[in-house]
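Okay, structure first, notes after.
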Amino acid sequence: MRQRARKLVGTFATIFFLIAYSLIAMAIGGQFVVGGGLYAELAYFVFAGLAWLPVVMALVRWMARADAEN
Numbered sequence: 910m911r912q913r914a915r916k917l918v919g920t921f922a923t924i925f926f927l928i929a930y931s932l933i934a935m936a937i938g939g940q941f942v943v944g945g946g947l948y949a950e951l952a953y954f955v956f957a958g959l960a961w962l963p964v965v966m967a968l969v970r971w972m973a974r975a976d977a978e979n
């Protein structure tokens, strides 16, 4: 796959992933964490706020790969 196509696919994958991830994290936080105390909420939302980074970083790394030369 050429880099231009990888960027297009990666952009849509990133958008889809972030929307789905934020809705799931919000639902989990609202159902199980909110009302559990300040530190429980803080710990959950710090974790949930950073947990998406490795996935998106891997996608960006894949999108930025140079094309294979034939």
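Going by this note's numbering, the sequence shown opens with residue 910, and the numbers climb by one from there.
For each residue, glycine too, the CB sits at the ideal point set by N, CA and C.
Sorted by chain position, which residues of the same chain lie with C-beta nearer than 7 Å to residue i's C-beta, five sequence neighbours on each side aside?
i              : result
tyrosine 953   : Gly938, Val942
tryptophan 961 : Leu927, Tyr930
valine 964     : Phe926
alanine 922    : Leu968
Quick one: is residue i buried, meaning 16 or more other Cβ sit within 10 Å of its Cβ, or exposed?
i           : result
glycine 919 : buried
Open item on the list: Within 8 Å, do at least three Cβ pairs link the region 927 to 938 to the region 967 to 977?
Closed with: no
Task: Every unbroken alpha helix (DSSP H) within the region 938 to 975, with a cutoff of 4 residues, ordered by chain - done: 947 to 959, 962 to 973
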